Structure formats: structure tokens, C-alpha cells
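Chemist: Numbering (this note's numbering), first residue to last: 151 to 359.
Backbone N, C-alpha and C define an ideal beta-carbon position, used for all residues, glycine too.
Since the model is a prediction, treat every value here as computed from it, not as a measurement.
After the C-alpha cells below, expect a handful of questions from me.
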């Protein structure tokens, strides 16, 4: 990356803003869009100096002409979307833990453990989405969703936190209420995903090759 171009992550550091907020700004401006869970540069983004690039390790990413994109972000700061405060049992949690960890397939997740899960699914060739709203009236989001198998995955990472445990119970009640197929993972599972995830998937008749 030359000094005249910034990746979106570098742009967030330059602006002293969370990565998610910068992505929200660029999406609002219609410089980028999501296609099959991948960020893609639009024609409008190209006109603002954006270019689509490839990286041998991290895959595709977008770089921005420094002076042009900094000006655009500055102009948009006043119109930046506020963090939601009415998102049900997710209230506060999603705003507190921002998705700043980039995975091998380009997703941004909220923790190292979620990075390991996402990378494992990707390397296993399992199509997955990160943080999808459950198809219910209540406002709740899963950690991972496997659309082909219609399986949800939840990683419980803060089990010593009382408010987190309340959130966990509320989400489990929803999964039970609607009969969704759910895989639960904890810190112990994360240390040995090659054994734990295949066995959990097999319970839903999903063998992993």
C-alpha cells in the first residue's frame, strides 16, 4: 500500500473512527456495497479514487486515494449513523464490541475466537454469514448462520458476566421458542475446533470432509 492510498482499516485509524463506522459511512455514500458477504467497490466509489485490489493472504480489499477519501469522510461525519439503542436483547453489546477483527474471507468479526470460527468455516468450504438477524419479530442476531444447512452458531465468550448471561438466556429462549437448529460453542470448544465443530455439525447430518 503506497502512502497515497489507504485501506479502509488504515482509513479508520487516520480518522480515529471504528472500522464499522467507516464502513457505514462509505455504504451511506454508496461508495461500497455488500455482494455475497464481500465488500465491493461501486462506480461511484471508483470516481472517488477507490480501487479494488488483491492480497495474497487476505484476499480482495479496497484502497482509497488518500486526499479524496479523507475529504469525503470529513464531509460525512455530521451525518454519521448513530449506534442503535433499540435492538432488543442486543442493546449495548454490539455497540460495545465493534467488529474490528478481519477474517480470511474478508468478514469483520468482534473477537479472536470469532475469527477462528469464521476461518475454520471458510477453510472447510462451508458457506456462512456473520451476524445475521434471526427471521423473527424479536430483534436478535446470531453469531454465524449456515444458509445451506439452516444452522445457527452462537459463541458464548463472557460467561462470567451477569448481564451477558442474561443476554445468553434470552437468546437461547428464542432459539428454543422457534425451533431453530443451534450449535453452541464456548472457550473450551475454540481450542479444538477441528474436533468439536465436525461432531456438532454431524448431529444435524452435516458431515465435514
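Taking a contact to mean a Cβ-Cβ separation below 8 Å, would you say residue 265 touches residue 250 in this structure?
Modeler: no
Chemist: Have a look at residue 353 and residue 276 and give me their C-alpha separation to the nearest angstrom.
Modeler: Looking at the two C-alpha atoms, the distance is approximately 16 Å.
Chemist: Within the region 173 to 209, note down every full alpha helix (DSSP H) run reaching 4 residues or more, in order along the chain.
Modeler: 193 to 197
Chemist: Report the three-state DSSP secondary structure of residue 170 (helix, strand or coil).
Modeler: helix
Chemist: Is residue 262 helix, strand or coil when you go by DSSP?
Modeler: Reduced to three states, the DSSP call for residue 262 is helix.
Chemist: Among all the DSSP beta bridges, which residues are the ones paired with residue 212?
Modeler: 202
Chemist: Is there contact here, the region 326 to 340 with the region 290 to 307, by at least three beta-carbon pairs under 8 Å?
Modeler: yes
Chemist: List the DSSP bridge partners of residue 364.
Modeler: The question about residue 364 has no answer here: the residues shown for the chain are numbered 151 through 359.
Chemist: On the criterion of 16 or more Cβ atoms from any shown chain inside 10 Å, does residue 172 qualify as buried, or is it exposed?
Modeler: buried
Chemist: Taking contact to mean at least 3 C-beta pairs separated by less than 8 Å, is the region 314 to 323 in contact with the region 344 to 351?
Modeler: no
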